[in-house]
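Student: Take this structure, written in structure tokens, and hold onto it; I'll ask about it next.
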Amino acid sequence: MRKRQLDANVALVKASGDTLAPVTFQERFLTVATSHTAAFCKAVEQGLKGPLGFPVDPKQDPGLQQLCSKGWPFLVLSNAVEVKWPQLPSYIQSALSAVNNSYQQMTEIEAASQMCEYLNHGMALKEALQKVQECDPACKRSLEAIAWFVSRYAGERQCLVKFLAHFSKTYGSLLLGEEVMKSIAYMEFKGSTSLYPFLRTALWASMMCSNRSSDGYSKLLNKSDCEKLKNAAFKAQVDMAEQALADGWEVIQKSTAEQATKLAAFGRLCTRLTLHVLKKEKHGREPAGHESISAICILFAADLAGGAKPSVRKEEAKPTVELEVKNVLASTPAELALLQNPHVKQGQLYTCSKEHGNKIWTFLNSSASKVKFSHQPVFGPAESIEVEFEKLKEWKVCKSAPPEKCHHLKALAHMAVANGSAIVALELRKAHVQKTLLQVCVDQMVGPEDVAFSNRPNLVWSVKKVKKGALKLFPAGTVTKVKDTPVGGKHYIKAFGHHWLVQPFKALTDFKKGEGVL
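Note that the sequence shown covers residues 105 to 622 in this note's numbering.
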């Protein structure tokens, strides 16, 4: 048990990014509910840099100096107590930490982690589920599905649940909701020997870190998205994604990279593969998407080798308002008005349907008390108006372009009745070729006394005897201009310097129905 606890602390130190003091392997006690305080004091003693990038000097704070040099009294319980009562440390820690926390209901991944913790202490899954239900978590309607996931897909020593727990602490812990959680846990892939534990884990990870949410619930995927993966049309992609995730998991187990780097790399692999297979990449953090699963695996290798920084949410990456220092005490009324209406910028287009209908206006400039807008109608001179600062909130940004009058020379070149329109000219030529072709067929028409037809197979028979070399055939059908070089095996005619493909009319094959051409 001692080795297991020391190994867990070593892994925690590696994942901290050099902000926690290393394990000395001389430790004799494990802290309960005072871990952060103890770890902070050890980091101060070692002179480690904090998240802000500089170390803390205990000499600047007498209380901190005494805390680090002399310590404080602890109540020490023998490990024999834990052997007899395995749940006691967790109970004590929860009770002591409760006074420092505001009440927050347990999420799905926290519920799964807690069940795993109970299982590790020898508790049966049914009992562990009951213990978590007593906590009244936010996901109480999904607990049975979560328990099923833990029992089937948690991996060796609950490694996949532990990954999700660590991933959620860094990249997001949004709730999945009852329907999605049940789909992930219960969906069955018929005709497959795999249970797809990695794909289910990837779905869960993708939902937790989504940049689309509402009231704490992820809106990236829904039940129907998850259910799609069961369809036969997705099987090839699903199998490839599961194998890629399994290979990626094996790679990070053997990798010597920092724990945070491995966590980020595998998490990105999960989200990229999930959205790629479901064709929903435009809703993720990388809307451009990826060409293939192989391309995603190459990015995974690059992330693992380069230690890429975690992605931030779209709204964090692109703030709608520039973070710029302004001295509002010295600002003019016009500057204050623009600060209060950050959507109003010089040169942009706006509409105010309440007073001006569908007219599109351009923001020109501002005076001491008003803002000037300009509108250019299709006919007539430009219109200008001045708007008071208080009414700027009624003006909305217009994404469409303003109306524009076509130049008369441009119109002359492209009008349908003018000879300059290339499209109309082409249609006229096509009509001429079509009329000429059909006229030849009419002029050379033969009757029932000359030919006969049969089906199964479709054949044309000559009723009269025809001399050798005297038979002439003319193509009949619709014509289409050929853009590229003509290919063999098809009928073409040449006219106006182009090749025209002749395609047959719909043939009359059922003599009883009478639909088609002979």
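Even for Gly, the Cβ is constructed at its ideal location relative to N, Cα and C.
Computed from a prediction, not measured in an experiment: that's the story for all the values here.
Could you give the residue range of the alpha helix (DSSP H) that holds SER328?
Tutor: 327-332
Student: Inspect the beta-carbon positions of ARG316 and HIS387 and report whether they are closer than 8 Å.
Tutor: yes
Student: Please work out which residues of its chain come closer than 8 Å, Cβ to Cβ, to VAL127, disregarding the five sequence neighbours upstream and downstream, and give them in chain order.
Tutor: Excluding sequence positions up to five before and after VAL127, its CB lies within less than 8 Å of the CB of LEU110, ASN113, VAL114 and VAL117, all in the same chain and listed in chain order.
Student: Whole angstroms are fine: how far does the CA of SER525 sit from the CA of LEU513?
Tutor: 12 Å
Student: Identify the continuous alpha helix (DSSP H) that holds THR365 and give its terminal residues.
Tutor: 363-381
Student: In this structure, how does DSSP classify LYS413 when only helix, strand and coil are distinguished?
Tutor: Unreliable positioning characterises LYS413 in this predicted model, as indicated by a pLDDT of 47, which lies under 50. A coordinate reading is not provided.
Student: How would you write the range of the alpha helix (DSSP H) that SER217 sits in, first residue to last?
Tutor: 212-224
Student: Can you tell me the Cβ-Cβ gap for LEU168 and PRO162, rounded? I've got them flagged as a contact below 8 Å.
Tutor: 5 Å
Student: Classify CYS545: buried if its beta carbon has 16 or more other beta carbons within 10 angstroms, exposed otherwise.
Tutor: exposed
Student: How many angstroms separate the CA atom of ALA215 from the CA atom of ARG256?
Tutor: 16 Å
Student: Kindly provide the ranges of any alpha helix (DSSP H) runs that are 4 or more residues long and lie completely inside the region 330-361, ordered along the chain.
Tutor: 339-358
Student: Can you tell which of THR274, ASN462 and LYS576 has its C-alpha closest to the C-alpha of LYS500?
Tutor: Checked all of THR274, ASN462 and LYS576; the closest Cα to LYS500 is ASN462.
Student: Assess contact between the region 222-241 and the region 271-280, defined as three or more Cβ pairs (one per stretch) separated by less than 8 Å. Is contact present?
Tutor: no
Student: Would you check if the distance between the CB atom of SER201 and the CB atom of GLU221 is smaller than 8 Å?
Tutor: no
Student: Please look up how many angstroms separate the CB atoms of LYS332 and LEU377, rounded, as I've assumed it's under 8 Å.
Tutor: Actually they are not in contact, since the Cβ atoms of LYS332 and LEU377 sit about 14 Å apart, beyond 8 Å.
Student: Within 10 angstroms of its Cβ, does VAL148 collect 16 or more other Cβ (buried), or is it exposed?
Tutor: buried
Student: Which one of TRP565, PHE267, MET210 and LEU247 has the shortest CA to CA distance from THR365?
Tutor: Out of TRP565, PHE267, MET210 and LEU247, PHE267 has the C-alpha closest to the C-alpha of THR365.
Student: So, using beta-carbon positions, are PHE493 and ALA441 closer together than 8 Å?
Tutor: yes
Student: If I measure Cβ to Cβ from ILE597 and keep anything under 8 Å in the same chain, skipping five residues before and after, which residues do I get?
Tutor: VAL537, LEU541, PRO579, VAL583, HIS603, TRP604 and VAL606
Student: Taking only beta-carbon positions, decide if TRP465 is within less than 8 Å of chain B.
Tutor: Checking the listed chains, one finds no chain B in this structure; it contains a single protein chain.
Student: My assumption, with CB atoms under 8 Å, is that GLU623 sits in contact with SER298. Please give the rounded CB distance.
Tutor: Examination of residue 623 is not possible in this model, given that the chain is present from 105 through 622 alone.
Student: State the Cα-Cα distance for the pair ASN562 and LEU612, rounded to the nearest angstrom.
Tutor: The straight-line gap separating the alpha-carbon atoms of ASN562 and LEU612 is approximately 9 Å.
Student: Compare the beta carbon distance of LYS495 and PHE467 with 8 Å and say whether it is the shorter of the two.
Tutor: no
Student: What are the start and end residues of the beta strand (DSSP E) that includes GLN607?
Tutor: Bounds of the beta strand (DSSP E) holding GLN607 are 602-607.
Student: Just confirm the distance between the C-beta atoms of VAL236 and LEU247, as a whole number of angstroms; I'd bet it's less than 8 Å.
Tutor: 6 Å
Student: Quick one: Cα of TRP189 to Cα of PHE133, how far?
Tutor: Their Cα atoms are separated by approximately 17 Å.
Student: When you compare the region 397-404 with the region 313-330, are there three or more beta-carbon pairs, one atom per stretch, that lie closer than 8 Å?
Tutor: no
Student: Mind checking PRO305: buried by the 16 CB within 10 Å criterion, or exposed?
Tutor: According to the sequence provided, residue 305 is Thr. The question's Pro does not apply to it. With 16 or more Cβ atoms within 10 Å of its Cβ, THR305 is classed as buried.
Student: I need the boundaries of the beta strand (DSSP E) containing ASN469, first residue and last residue.
Tutor: 465-470
Student: For GLU282 and ARG245, what's the separation of their Cα atoms in angstroms?
Tutor: Cα to Cα, GLU282 sits roughly 6 Å from ARG245.
Student: Going by Cα to Cα distance, which pick from ILE213, PRO159, GLN170 and ALA232 is closest to GLN191?
Tutor: ALA232
Student: How long is the line joining the alpha carbons of GLY175 and ASP122, rounded to whole angstroms?
Tutor: 23 Å
Student: Helix or strand or just coil, what does DSSP make of GLU459?
Tutor: helix
Student: Please list the segments of the alpha helix (DSSP H) lying wholly inside the region 130-200, counting only runs of 4 or more residues, in order along the chain.
Tutor: 139-150, 166-173 and 183-188
Student: Rounded to whole angstroms, what is the Cα-Cα separation between ALA228 and ARG389?
Tutor: 40 Å
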